[in-house]
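Below you'll find the structure, written out as structure tokens, and then a few comments.
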Amino acid sequence: MKTNRIFLSLSMTLFAATLFGPLPRATAQATSWQQIPTPPLPAFHPQQPKRIKLSNGMVIFLQEDHELPLVEASARIRGGSRNEPANKVGLVEIFGEVWRIGGTRTQTGDQLDDFLEARAAKVETGGGPDSTSISLNCLKGDFDDVFKAFVDVLQNPEFRAEKLDLAQKQADDAISRRNDEIGGIAARESAKLAYGADNPYAREPEYSTIAAITRQDLLDWHKTYVQPNHIILAIHGDFDAGAMEAKLRAAFEAWHKGSELPKEDIQYHPAKPGYYLIPKGDVNQSNIHMVALGTTRNNPDYYAISVFNEAFGGGFSSRLFNDIRTKRGLAYEVGGGIGANFGHPGILQFVIGTKSQSTIESIQALDENIDNLAKQRITDEEIKQAKDAILNAFIFHLDSPDKVLAERLTYEFYGYPENWLDKYAAEIQKVTAADVNRVAAKYLHRDQLAVLVVGNTKEFDKPLASLGPVNEVDITIPPLPGAKEDESAKPTTSNEEGKALAAKVVAAMGGEDKLAAVRALKAELTITQKTPQGNLPMQMETVIVFPDRLHAEMQTPGGTMNIVVTPDAAFMAVPGQGMRDFPASQKAETLEQIKRDPIFIASHWKDPNVFFRAGGTEKVGDTEARIVDVNAAGTPIRWFVDPQSGHILKETYKTLNQGGPVQGETDMDNW
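The opening residue of the sequence shown carries number 48 in the working numbering; numbering runs sequentially from there.
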């Protein structure tokens with residue numbers, strides 16, 4: 048052991064010598080690690096890509112990197128969701144999806160999939176706020192073939208109708224689920240407060256705007272925006288820059304340039320300062336966002352803002368983290384700063400995630416920290432730590448040729464000087480305490496912030512109104528286009544055929560006497576939840592007591608979860624989280640589910656408020672089913688009935704999940 052310690056001590060001494068040069072004499076040795084001098088960072092000179100501009104205006108960057116036999120390319124094309132019309136929000140998202148999966152004039156998207164999969168290659172497309180994009184990734188030996196497919200997709204997309212329909216359905220599904228998660232709600236709605244609800248950087252697709260998008264819209268967008276003078280192409284990998292330039296010139300030089308794009312005049316209308324509330328009764332935590340309009344990265348104050356952000360709300364050593372999380376124990380998440388983007392203002396934003404019972408206390412703690420900036424200014428020590436954190440992280444963002452290339456592409460796209468990257472570290476080093484405290488006083492004013500709270504108001508430590516007037520934000524998802532209640536699907540009278548088919552259904556289910564004896568229904572089922580670790584089966588038992596009571600018990604990995612719904616109360620008890628009330632809409636939907644049950648309808652088929660109207664047919668499997676619209680005491684449902692057996696083969700209905708209205712469908716067999 049003594050020998051090992053000697054070798055360890057010797058190796059540490061030699062390591063220190065390599066770092067700091069000759070060892071000082073014993074009398075000058077440091078007694079604390081804090082006294083060990085830190086050498087200055089070496090000058091940062093990353094490998095720069097070669098820039099080429101074709102005669103048609105296309106800009107190309109080439110970055111050789113021979114570490115692996117791979118080639119990657121990415122084209123960024125001016126024009127994004129900020130440019131789409133307000134009545135077709137979601138157009139660029141749909142464009143970016145269908146561009147690739149819709150194939151080209153010579154091959155379908157599925158054929159392109161097969162071609163690329165055989166080569167372990169990728170060609171992908173996408174859309175964003177300021178641009179659309181197309182990229183490729185392949186082995187060096189496959190580049191010529193994959194590049195031909197890349198160019199074909201870039202210049203000759205087909206936007207096949209069936210793929211557009213698929214993308215629209217996927218977009219509708221995303222809309223229906225957008226109110227599921229508290230964090231997503233808070234991020235989305237706080238952006239609307241910072242930019243204005245109608246600002247293109249805050250707008251959200253709706254069912255109506257997605258439905259308005261046509262194939263011609265996609266073709267028109269491509270014709271307008273996907274032109275060589277709007278494209279910046281970056282290629283990185285194992286190639287010779289001279290040979291690659293020749294290939295790219297051969298592929299693109301003859302492509303005629305398009306019209307110049309008009310300048311967009313984007314207006315920002317931030318919400319008035321104050322408190323904004325989104326009640327969400329099915330959670331036990333609150334998400335708090337304090338927001339205002341931020342700035343851009345070409346602001347001369349950007350470097351001082353960066354240091355302030357890191358010192359005040361940027362990480363584990365920031366002032367907000369040390370006080371609100373570490374010292375007070377109020378939040379599992381806290382931070383933020385004065386946001387700055389390249390092409391448009393960022394969002395000045397501070398975020399807290401806390402349990403419901405400490406919501407108001409957390410807001411007050413953040414208020415105190417912001418107010419204290421005038422009295423307890425950011426210190427030299429805080430600034431030193433912030434600079435160290437920024438500069439240490441900076442090098443890892445640019446530690447490979449492909450990362451440097453991506454940065455250069457961004458600067459080119461937004462019109463920043465090509466040496467912007469080179470001077471970043473030096474500009475951060477120049478920032479002084481006076482600079483940091485000046486920008487804090489200039490940009491951050493608590494009385495100018497809009498405060499959004501998303502959470503379970505019944506569990507708050509105090510009402511939000513105790514802090515000031517509250518504006519409640521409505522996040523109801525507008526219904527599907529034309530989804531006004533269809534009275535023909537909710538009949539108020541029965542026709543003769545409808546009654547006759549209802550009688551057949553009753554007989555097929557056992558007859559009136561047996562159905563009248565049914566007072567409750569018990570069902571046992573297995574629900575399979577998809578998780579990153581695989582499918583997780585959970586056993587569930589549901590008991591319905593007609594006409595309006597339900598109890599469900601589900602075995603989860605965390606224990607038994609119970610759900611109770613009656614006309615007077617609706618709640619769930621979750622292991623380790625206590626009891627939560629259902630939102631009113633979810634309670635109403637569950638009670639409607641009971642009235643949609645075939646046994647309930649069949650046992651009440653003669654009630655004066657239950658109606659059946661038959662009309663039309665639809666093929667279900669091999670059977671030509673009769674369509675029967677049912678109104679079960681105010682709850683509509685559509686049956687597809689086998690006219691021979693009286694069996695219900697399928698039922699469809701409008702229902703509600705946490706995201707909004709959806710179309711439900713249940714297939715029935717094995718009668």
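Just so it is clear, CB atoms sit at the ideal spot from N, CA and C, and this is done for glycine as well.
Own chain partners of residue i with C-beta closer than 8 Å, once the 5 adjacent residues on each side are dropped
i    : result
T37  : Residue 37 is absent from the structure shown; the chain starts at 48 and stops at 718.
Y248 : R129, P176, A238, Y242, I313 and H391
L340 : A241, Y242, Y315, P317, P392, I394 and L395
Q476 : K434 and L438
F368 : G360, G362, V381 and G382
Alpha helix (DSSP H) segment containing residue i, residue limits
i    : result
E205 : Note, E205: premise wrong, no alpha helix (DSSP H); not H, not E.
Y322 : Not the alpha helix (DSSP H): Y322 falls in the beta strand (DSSP E), residues G321 to P326.
K537 : Neither: K537 is in no alpha helix (DSSP H) and is coded neither H nor E.
S255 : Y254 to A258
A487 : A480 to Y490
Same chain, Cβ closer than 6 Å to residue i, neighbours up to 5 away in sequence not counted
i    : result
G126 : Y272
V451 : P93 and L445
T172 : G143, W146, R147 and I181
E119 : N184, H283 and G284
Presumed contact (8 Å Cβ cut-off) between residue i and residue j, rounded CB distance
i    : j    : result
I524 : S223 : 7 Å
R643 : I684 : 5 Å
S409 : I335 : 6 Å
Y700 : N518 : Wrong, their Cβ atoms sit about 35 Å apart, outside the cutoff.
I522 : N246 : At roughly 17 Å, the Cβ-Cβ gap does not stay under 8 Å, so I522 and N246 are not in contact.
L211 : L265 : 7 Å
L324 : V520 : 7 Å
V193 : R152 : Wrong, their Cβ atoms sit about 18 Å apart, outside the cutoff.
N656 : A680 : 5 Å
Three-state class that DSSP yields for residue i in the structure shown
i    : result
N466 : coil
R224 : coil
G68  : Its pLDDT being 42, under 50, G68 is placed unreliably by the model, and the measurement read from it follows with that caveat. G68: coil per DSSP, three-state reduction.
F299 : helix
A570 : strand
G188 : helix
F441 : helix
G376 : coil
D2   : Because the chain in this structure spans residues 48 to 718, residue 2 falls outside the shown range and cannot be described.
F659 : strand
L700 : As written in the sequence, residue 700 is Tyr, which differs from the Leu given in the question. Strand at Y700.
M715 : coil
A672 : strand
F647 : helix
Q586 : strand
G289 : helix
H336 : strand
V621 : strand
G382 : strand
R262 : helix
Among the options, the one whose alpha carbon lies nearest that of residue i
i    : options                   : result
Y254 : P526, Y349 and Q640       : P526
Q640 : N416, S364, L597 and D628 : L597
F647 : T603, E636 and D595       : D595
L280 : Y490, P645, I141 and R98  : R98
V338 : D329, Y349 and Q495       : Q495
F363 : G383, R207 and V709       : G383
E559 : I417, K653 and G668       : K653
G515 : N103, V498, V483 and G328 : V498
L491 : K546, P309, D414 and A480 : D414
G693 : A649, S121, G284 and G462 : A649
I229 : P584, N503, L548 and K569 : N503
V709 : R366, D161, G663 and E636 : E636
Distance cut-off 7 Å: residue i Cβ against heavy atoms of the ligand COA
i    : result
G362 : Ligands displayed in this structure: none; no statement on the ligand COA is therefore possible.
Neighbourhood of residue i by C-beta distance below 7 Å, restricted to the same chain and skipping five residues each side
i    : result
E544 : A661
E571 : E588
A378 : I371, R372, I399, G400, T401 and S409
D714 : K697
Q111 : Inspection of the sequence shows that residue 111 is occupied by Glu rather than by Gln. Excluding residues within five positions, the ones whose Cβ falls inside 7 Å are F286 and A288.
Start-to-end residues for the beta strand (DSSP E) that takes in residue i
i    : result
P392 : P392 to K402
W686 : T682 to V688
F108 : V106 to E111
H283 : I278 to G284
D628 : G625 to D628
S306 : Here S306 belongs to no beta strand (DSSP E), and DSSP marks it neither H nor E.
V170 : K169 to G174
H598 : R596 to T603
C-beta neighbour in chain B for residue i, strict 8 Å
i    : result
S405 : Among the chains in the structure shown there is no chain B, since it carries only a single protein chain.
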